[in-house]
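Residue numbers (full-length UniProt numbering): 1 to 159.
Positions of the beta carbon are idealized from the N, C-alpha and C atoms, including for glycine.
Shown next, in the form of structure tokens:
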């Protein structure tokens, strides 16, 4: 399942995705979330509430798929209407029900500016690496030319 082009041919692929769907179903039922928790504009490109899911055909949006399983005509055995199942462990972690979308209240431009230092640093590092590669290539070519000239002079000189 490690290679994306051949992953669907792996028998574990279907089991894995069924289990991921089951986890989402339990979360939806337990925390009673609907598509309103999905970001309308602040998620990465292609992940906002009204964005089309690629490469689905016919075309669907994230909002249309953010529903409990019975709205699609199936249900998970052993999960009640509150998202509980016999194999659950009781925890008091309330953070699982919160969606992090817009918690900071900052705009995408502000969040992008938070990492500008890293972007500048990465650009400078990439420039230095490129300069180093150019120097190595130049020195290598110069050394080869020098070797060729020395060997040509030594072969043409009388002994």
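Taking the alpha helix (DSSP H) that residue 127 falls in, what are its first and last residues? 116–156
Please determine, among 22, 121, 124, the residue with the shortest C-alpha to C-alpha distance to residue 74. Among 22, 121, 124, the Cα nearest to that of residue 74 is on 22.
How would you label residue 38, buried or exposed, when you count the other beta carbons within 10 angstroms and need 16 or more for buried? With 16 or more neighbouring CB atoms inside 10 Å of its own CB, residue 38 falls in the buried class.
Touch check for the segment 58–70 and the segment 22–33: three-plus C-beta pairs under 8 Å? yes
For the segment 21–61, list the beta strand (DSSP E) runs that are entirely contained and at least 3 residues long, ordered along the chain. none
Cβ shell of residue 45 (< 8 Å), same chain only, five flanking positions each side left out: 51
How about residue 76 and residue 25: do their beta carbons lie closer than 7 Å? yes
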